[in-house]
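Peer 1: Encoded as structure tokens, here's the structure I'll be asking about.
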Amino acid sequence: TGKGRGKDEL
Amino acid sequence: MNIFRLFGDLAHLASIFILLQKIQVSRSCRGLSFKTQVLYVVVFVSRYLDLFLGTWVSFYNTVMKLFFIGSSCYILYLMRVQFRSTYDPTLDTFRVEYLVGPSLVLGLLFNYSFTFTEILWSFSIFLESVAIFPQLFILQRTGEAETITTHYIAALGIYRALYIPNWIYRYWTEGSADPIAIVAGLVQTGLYADFFYVYFTKVLQGKRFELPA
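These protein sequence lines are chains A and B, in that order. End of the first sequence sits at 1104 in the numbering used here; the numbers just go up one at a time, nothing left out. End of the second sequence sits at 665 in the numbering used here; the numbers just go up one at a time, nothing left out.
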């Protein structure tokens, strides 16, 4: 995982 | 973290407290869609699975994720057990297969890697964007809603709407974007357009939420 900005969002 | 996302998350938190308030003060879940609430549990559990897989973002991120999983399960308990008799299943008839099925297909087609967790993450983003449908369907069928219920839906709509300036801000400051989250987020916000129109022109003017006959 890790690609895509949304991973640190809720 | 920027102010748009922070206020978006706060609106999301507020929506849950408003929902709990509605159920506990009126001692009733009348006008609420159990199906929408089940979909939110599915959304949170499938997206926040990373909590249990050792992904660490921040203390804030972890606490919020645990809160959303916990509170959404508690709401199911309130609706299914404590205030079960106040729930009218004959109004809550939207077919959730029409939401879960296509979200799963979209998750399989559009994801950042073809792994179990990434597909589930993507699925949860698509499902979240349409999870409000059964709730809006009840409003449409009954043609009216309690004011507090409309505050709940509005807070939920504002949450994702605020994520849009957040993404624009992040694009300018960080130079990258998450197309899956953005497309689904735009759809999700768009679904609230009709609702917001009535909410802003009636409820916020002190009138009842009533749809034109």
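Cβ atoms here follow ideal geometry from the backbone N, Cα and C, with glycine treated the same way.
Going by alpha carbons, who is nearest to Ile632 of chain B out of B:Tyr611, B:Thr599, B:Leu560 and B:Ala665?
Peer 2: Numbered from its first residue, the second sequence carries residue 632 of chain B at position 180. Among B:Tyr611, B:Thr599, B:Leu560 and B:Ala665, the Cα nearest to that of Ile632 of chain B is on B:Leu560.
Peer 1: Given that a residue counts as buried once 16 or more other Cβ atoms are within 10 Å of its Cβ, and exposed if not, what is Ser555 of chain B?
Peer 2: To locate residue 555 of chain B, count along the second sequence from 1; it is residue 103. The residue is buried, with at least 16 neighbouring Cβ atoms inside 10 Å.
Peer 1: Report yes or no: do three or more beta-carbon pairs, one from the segment 475-482 of chain B and one from the segment 531-547 of chain B, lie closer than 8 Å?
Peer 2: yes
Peer 1: When we look at the beta-carbon of Glu626 of chain B and count the other beta-carbons within 10 Å, is it buried (16 or more) or exposed?
Peer 2: Indexing the second sequence from 1 puts residue 626 of chain B at position 174. Flag for Glu626 of chain B reads exposed.
Peer 1: Need the endpoints of the alpha helix (DSSP H) that Leu551 of chain B sits in, please.
Peer 2: The residue you call residue 551 of chain B lines up with position 99 of the second sequence. Segment Glu549 to Leu561, the alpha helix (DSSP H) holding Leu551 of chain B.
Peer 1: So, does the CB of Val509 of chain B fall closer than 8 Å to a CB anywhere in chain A?
Peer 2: Start at 1 with the first residue of the second sequence, and residue 509 of chain B comes out as number 57. True, the Cβ-Cβ gap to chain A drops below 8 Å.
Peer 1: Let me check understanding here. Comparing Cα to Cα, which of B:Tyr611, B:Ala629 and B:Val515 lies closest to Phe459 of chain B?
Peer 2: In the second sequence, residue 459 of chain B corresponds to position 7, counting from 1. For the residues B:Tyr611, B:Ala629 and B:Val515, the minimum Cα distance to Phe459 of chain B belongs to B:Tyr611.
Peer 1: Less than 7 Å between C-beta atoms, sequence neighbours within five positions excluded: which residues of the same chain meet that for Asn563 of chain B?
Peer 2: Here residue 563 of chain B is taken as the residue at index 111 of the second sequence, counted from 1. Hits under 7 Å: Glu570, Ile571 and Ser574.
Peer 1: On the DSSP bridge assignment, give the partners of Phe511 of chain B in chain order.
Peer 2: Position 59 of the second sequence, counted from the first residue, corresponds to residue 511 of chain B. Phe511 of chain B pairs with nothing; no bridge assigned.
Peer 1: What does DSSP give as the partner residues of Glu1103 of chain A in its beta bridges?
Peer 2: As a working note, residue 1103 of chain A is residue 9 in the first sequence. The partner list for Glu1103 of chain A (beta bridge, DSSP) is empty, contrary to what the question assumes.
Peer 1: List, in order along the chain, the chain A residues whose C-beta lies closer than 8 Å to that of Ser628 of chain B?
Peer 2: Locating residue 628 of chain B in the second sequence gives position 176, where the first residue counts as 1. Residues of chain A passing the Cβ test: Arg1099.
Peer 1: Can you tell me which residues form a DSSP beta bridge with Glu596 of chain B?
Peer 2: Reading the second sequence from its first residue, position 144 is the one you call residue 596 of chain B. According to DSSP, Glu596 of chain B bridges with B:Glu662.
Peer 1: For Glu626 of chain B, is the beta carbon positioned less than 7 Å from some heavy atom of the ligand SAH?
Peer 2: As presented, the structure is devoid of all ligands, the ligand SAH included, so that no description of it is given.
Peer 1: Could you check the C-alpha separation between Asp1102 of chain A and Ile616 of chain B for me, to the nearest Å?
Peer 2: On the first sequence, position 8 is the one that residue 1102 of chain A refers to. On the second sequence, position 164 is the one that residue 616 of chain B refers to. The straight-line gap from Cα to Cα measures roughly 15 Å.
Peer 1: So, with DSSP's three-state summary, where would you put Ser485 of chain B?
Peer 2: Along the second sequence, read from residue 1 onward, the residue named residue 485 of chain B stands at position 33. It is coil, neither helix nor strand.
Peer 1: Once the 5 residues before and after Met531 of chain B are set aside, which same chain residues still bring their CB inside 8 Å of it?
Peer 2: In the second sequence, the residue the question calls residue 531 of chain B occupies position 79. Within the same chain, Met531 of chain B has close Cβ partners Ile475, Cys481, Leu484, Phe486, Gln489 and Tyr539.
Peer 1: Please state the DSSP three-state secondary structure of Asn618 of chain B.
Peer 2: One-based indexing of the second sequence puts residue 618 of chain B at position 166. In the structure shown, Asn618 of chain B sits in a helix (DSSP, three-state: H, G or I).
Peer 1: When you compare each of B:Phe456, B:Phe585, B:Phe578 and B:Val655 to Phe546 of chain B by their alpha carbons, which one comes out closest?
Peer 2: Start at 1 with the first residue of the second sequence, and residue 546 of chain B comes out as number 94. Checked all of B:Phe456, B:Phe585, B:Phe578 and B:Val655; the closest Cα to Phe546 of chain B is B:Phe585.
Peer 1: At the level of alpha carbons, what is the spacing between Arg622 of chain B and Gly637 of chain B?
Peer 2: In the second sequence, the residue the question calls residue 622 of chain B occupies position 170. In the second sequence, the residue the question calls residue 637 of chain B occupies position 185. Here the alpha carbon of Arg622 of chain B sits roughly 15 Å from the alpha carbon of Gly637 of chain B.
Peer 1: Would you verify that the beta carbon of Ile584 of chain B is, or is not, closer than 8 Å to some beta carbon of chain A?
Peer 2: Counted from its first residue, the second sequence places residue 584 of chain B at position 132. Residue-level contact by beta carbon fails for Ile584 of chain B and chain A, as no gap is shorter than 8 Å.
Peer 1: Within this structure, are the beta carbons of Ala583 of chain B and Leu591 of chain B separated by less than 8 Å?
Peer 2: For this step, residue 583 of chain B is matched to residue 131 along the second sequence. For this step, residue 591 of chain B is matched to residue 139 along the second sequence. No, they are not a contact pair.
Peer 1: Using a cut-off of 9 Å between C-beta atoms, extract the partners of Asn513 of chain B located in chain A.
Peer 2: The residue labelled residue 513 of chain B in the question sits at position 61 within the second sequence. Result: Asp1102, Glu1103 and Leu1104.
Peer 1: So is Asp544 of chain B in contact with chain A if we call contact Cβ pairs under 8 Å?
Peer 2: The residue given as residue 544 of chain B occupies position 92 in the second sequence. Answer no: the Cβ-Cβ gap between Asp544 of chain B and chain A never drops below 8 Å.
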